[in-house]
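Trainee: If you scroll down you'll find the structure; I have some questions about it.
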Amino acid sequence: MSKNDEAYVFGIFRKLDHKHIGKVEFSTIMRGEFQWGLIGYRLHNQFWRKGYGKEAVKGALDIAFNDLKFHRIEAHINIDNTPSIKLAESVGMAFECIRKGFIFEFGEWTDNLVFYINSK
C-alpha cells in the first residue's frame with residue numbers, strides 16, 4: 001500500500017532491547033492541493049503511560065511532514081479515549097470538531113473527536 005501512497009505502517013521498538021511495542025500508521029485521505037492524511041497509533045498495553053507513545057508519534061509526524069509530504073494530519077479518536085486525546089494534545093495536535101455518527105464500530109455508528117496538526 002505504501003507503493004500506491006495509500007498507507008504507511010511503522011513499528012515501534014523500544015530502544016533498550018529493540019522489543020516491538022506497537023505501531024504508528026498513516027493513511028492517505030487526499031493528495032493534490034490537500035496533502036491530507038490520517039494517523040493511527042497503538043501501543044501494547046504493558047507499555048502505556050511510559051512516554052513511548054509520545055516519542056513514537058512525534059517521530060512519525062516528522063516523517064509524515066518531511067518525507068511523506070503531508071500538509072495536514074488528522075487523528076479520529078473515540079470520545080471516551082482519554083489517553084489517546086492526551087497523547088494527541090501532547091504532540092501539538094488541536095481539537096477541531098466532533099464528527100457525529102462517523103465510524104461504524106461495536107455494531108453502531110459512533111461519534112469521533114477530530115484532532116489535527118498542519119505542517120509548519
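Numbered according to UniProt numbering, the sequence shown spans residues 1 to 120.
Backbone N, C-alpha and C fix where the C-beta goes; we use that ideal spot for every residue, glycine too.
1. Could you give the residue range of the beta strand (DSSP E) that holds K23?
2. Looking at the unbroken beta strand (DSSP E) that takes in I117, where does it start and where does it end?
3. Are three or more beta carbon pairs between the segment 97–110 and the segment 70–78 nearer than 8 Å?
4. Taking 8 Å as the cut-off, does the segment 76–96 touch the segment 52–64 (at least 3 CB pairs, one atom from each stretch)?
5. I need the DSSP call for I39, collapsed to helix, strand or coil.
6. Start and end of the alpha helix (DSSP H) containing E55?
7. Would you mind sorting G11 into buried or exposed? The rule is 16 or more other CB atoms within 10 Å of its CB.
8. If I98 sits next to D80, beta carbons under 8 Å apart, how far is it from one beta carbon to the other, in whole angstroms?
Mentor: According to the structure data:
1. 20–30
2. Per DSSP, I117 belongs to the beta strand (DSSP E) from 108–118.
3. yes
4. yes
5. Residue state, collapsed to three classes: strand.
6. 52–66
7. exposed
8. Not really, about 12 Å apart at Cβ, beyond 8 Å.
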